[in-house]
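**Student:** In case it helps, the UniProt record's numbering puts the sequence shown at residues 1 to 503.
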Amino acid sequence: MLMSNYNLKASGPYGHGAWPYANRRLPCQPAFTIKSRQHVVSVSADGSLPSFAFRVTTRQAASTKLRLDTFLATQITADLASNNEAAAARTQDVSRAKIQASIAAGLVQINGRPATKPSQQLRPGDSVICSLPSPPPMQALPEAIPLDIRYEDDHVIVINKAAGMVVHVAPGHYTGTLVNALLHHCTLPALNLDLDPNPRGELDPDFHHHPDMALAPGCGSDEMDFAYGHDGDDETEDDETAFLLRNNGSQSERNDNHNSKNSKTGNLGNCDVGCSGVVSSGLGDSSSSPRPGIIHRIDKGTSGLLVVAKTELALTRLQAQFKARSVDRLYESITVGCPAQPRGRVEANIVRDPRDRKRMAAAPYGSGRGRTAGSGYSVVAALAGGGAALVRWKLDTGRTHQIRVHAKHIGHPLLGDDTYGGTAAAALTVVARNFPADKVRQVVEDLGRPALHARTLAFIHPVTGDRLAFEQPPPEDFRRALLQLGLGAEDLSGLDAGSLERL
């Protein structure tokens, strides 16, 4: 429970009556306080990490030597593990080294006096207050990561993302992401990040306001998905804010001339194929500097096409197309089992799984739980004697993990999708009914990811008004899996040669 009154009354292990240091301002100048049975956590107005207050019990001081740093590291870590408050969750790895740094900075008090030594011994009844300093700001650094660019001009980039690449920088993924690669490709400086730890346990944190990010105004729940073009296999939270990679410093002019392979625009010839690189006008002027913007996202394990905006105008207009559902995208997947109907439609709300906050789940369509979601599918080919299938998907909406959840909902999870039931065990149970088990096992091991690929992407160019259409056949690991599961080489070549049929 958050309370604006800093003069707290103690409870639980503190006993009853006024907390002895409730009126003493901590160095971090807390703006509000959380009271729990274990400790008092105060959160600073400037967003720094919480401060903690403890009283040493007789049992805790029973050992011959109760070191200050050991006591604080143990207590803070244990209390945070059992405390669900958002402010407390800001602190993650509390090591003795961090505690020692707080002591050296004068952020730890014992009975109202600054502590001077990490090894100082504590006694029963001692009151200990500890503030943890804020960590240094995180940055996304430009990295020379090769990008498979299908099209680029002054306004947009269309990229064929490789499976295994994370789109966003997030806790656990500070390097090797598409954002890092785009910063280097567009010769932009490092991007300062404000990543909240995510107390609810989502796969990725929300991105909050800071100088290097621009947020779309006024997007509510359902609008947010369309305004930011969430893909059905998007690994981020549904209401995560899209952002621009703003140029916050000088911009060096660059002109990349991509070869014909990188400039290929798909089946339509009436496309602006200009590849002049980043807009170089208005250097140092944030209002006109180049800013590639992530518009929609696909999962780390998903390969395929996505578009990135290079200007704020392009971002705004492409967001409007996603919101209007006028952007055409088709996905290809390999499912465990073959749907009985060659064509079908799945309508089921997407909700957060109450048993695992890192997953999504299906709920009755229009039930008011979660968000409505619709997916059309078409069986392209039965594989492994009917134990698997090549299935194409067209999304009406773009909810988090939509294809993966809907595939599971109809009883045919994606092969290799351990999160939603497409495990090796499931494959051996279903796929291997009419197919050699050793081959099935090898397919799953070789794939090592959910069998999902974003094959086509079509949209109206945000500036020229031309319709751009792109088609990218699946990568080698996906193609190899199809061949291993019995798809003929001629059939595979036929799929690559022709344009995809609309669902």
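Cβ atoms here follow ideal geometry from the backbone N, Cα and C, with glycine treated the same way.
For the beta strand (DSSP E) containing R139, name the first residue and the last one.
**Tutor:** In the sequence under discussion, the amino acid at residue 139 is Gln, which differs from the Arg named in the question. Note, Q139: beta strand (DSSP E), 138-140.
**Student:** On the three-state DSSP scale, how would you describe N349?
**Tutor:** Reduced to three states, the DSSP call for N349 is strand.
**Student:** What first and last residue would you give for the beta strand (DSSP E) that runs through D328?
**Tutor:** Looking at the DSSP string, the run of the beta strand (DSSP E) that includes D328 is 328-336.
**Student:** Quick one, which of Q442, G344, H461 has its alpha-carbon nearest I410's?
**Tutor:** Of the candidates Q442, G344, H461, the one whose C-alpha sits nearest the C-alpha of I410 is G344.
**Student:** Please report the distance separating the alpha-carbon of T74 from that of N192.
**Tutor:** T74 and N192: Cα-Cα distance of roughly 32 Å.
**Student:** Round the Cβ separation of L305 and A454 to the nearest angstrom and send it over; I've been treating them as touching at under 8 Å.
**Tutor:** So it is a contact: roughly 5 Å between Cβ atoms.
**Student:** Any Cβ of chain C within less than 8 Å of the Cβ of D477?
**Tutor:** Although the question refers to chain C, the structure presented lacks it and comprises just one protein chain.
**Student:** Nearest CA to the CA of D328: which residue from G366, K358, R352, W393?
**Tutor:** If we check each option's Cα against that of D328, W393 comes out closest.
**Student:** Is the beta carbon of A163 closer than 8 Å to that of T302?
**Tutor:** Contact: yes.
**Student:** Kindly list the residues whose CB is nearer than 8 Å to the CB of H412, restricted to its own chain and excluding five residues on each side of it in sequence; keep chain order.
**Tutor:** Contacts found: T335, V336, G337, C338, P339, A389, V391.
**Student:** Between D491 and P473, is the Cβ-Cβ spacing less than 8 Å?
**Tutor:** Contact: no.
**Student:** Excluding sequence positions up to five away, which residues of its chain have a Cβ less than 7 Å from the Cβ of V443?
**Tutor:** Counting only Cβ-Cβ distances below 7 Å, and skipping sequence neighbours, we find A481, Q484, L485.
**Student:** Quick check on the DSSP output: the alpha helix (DSSP H) that includes F435 runs from which residue to which?
**Tutor:** That residue, F435, is in no alpha helix (DSSP H); it is neither H nor E in DSSP.
**Student:** Specify the secondary structure class of L485 as computed by DSSP and reduced to three states.
**Tutor:** Reduced to three states, the DSSP call for L485 is coil.
**Student:** Keeping to the same chain, check which residues put their C-beta closer than 8 Å to that of P118; ignore five residues upstream and five downstream.
**Tutor:** Within the same chain, P118 has close Cβ partners R67, L68, D69, R96, I99, Q100, I103.
**Student:** Our contact map puts A53 next to I129 with C-beta atoms below 8 Å; I'd like the distance itself, whole angstroms only.
**Tutor:** Between I129 and A53 the Cβ distance is about 5 Å, and since that is below 8 Å, they are a contact.
**Student:** Less than 8 Å between the C-beta atoms of T177 and V167, yes or no?
**Tutor:** Yes, the Cβ-Cβ distance between T177 and V167 is below 8 Å.
**Student:** Consult DSSP for K300 and reduce its assignment to one of helix, strand or coil.
**Tutor:** Coil.
**Student:** Buried or exposed: E332, going by 16 or more other Cβ atoms within 10 Å of its Cβ?
**Tutor:** Counting Cβ neighbours within 10 Å, E332 comes out buried, since at least 16 surround it.
**Student:** Evaluate contact between the stretch 349-369 and the stretch 392-408, counting only Cβ atoms and requiring at least three cross-stretch pairs below 8 Å.
**Tutor:** The answer is yes - the stretch 392-408 touches the stretch 349-369, with three or more Cβ pairs under 8 Å.
**Student:** So is E476 buried or exposed if we call it buried at 16+ other beta carbons inside 10 Å?
**Tutor:** Answer is exposed; the Cβ neighbour count stays below 16.
**Student:** For the beta strand (DSSP E) that contains A388, what are its first and last residues?
**Tutor:** Element bounds for A388: 388-395.
**Student:** In whole angstroms, what separates the C-alpha of G293 from that of A373?
**Tutor:** Distance between the alpha carbons of G293 and A373 is about 25 Å.
**Student:** Looking at the secondary structure, which residues open and close the alpha helix (DSSP H) in which S102 lies?
**Tutor:** Note, S102: alpha helix (DSSP H), 96-104.
**Student:** Just the C-alpha distance for A324 and P462, rounded to the nearest angstrom, thanks.
**Tutor:** Going by the C-alpha atoms only, they are around 14 Å apart.
**Student:** So what does DSSP say about Q472, is it helix, strand or coil?
**Tutor:** Reduced to three states, the DSSP call for Q472 is coil.
**Student:** Among the residues of its own chain, which have a CB less than 6 Å from the CB of V351, if the five just before and after it don't count?
**Tutor:** The residues are A361, A363, R369, G370.
**Student:** Beta strand (DSSP E) containing V380: first to last residue?
**Tutor:** It spans 374-383 - the beta strand (DSSP E) in which V380 sits, taken as one unbroken run.
**Student:** Just the Cα atoms here: how many angstroms apart are E202 and L318?
**Tutor:** Annotation note: pLDDT 33 at E202 (below 50); position unreliable, no value reported.
**Student:** Specify, as a first and last residue, the run of the beta strand (DSSP E) that R317 falls within.
**Tutor:** That residue, R317, is in no beta strand (DSSP E); its alpha helix (DSSP H) goes 312-323.
**Student:** Could you check which residue in V108, F459, P436 has the C-alpha nearest to that of G385?
**Tutor:** The residue with the shortest Cα to Cα distance from G385 is P436.
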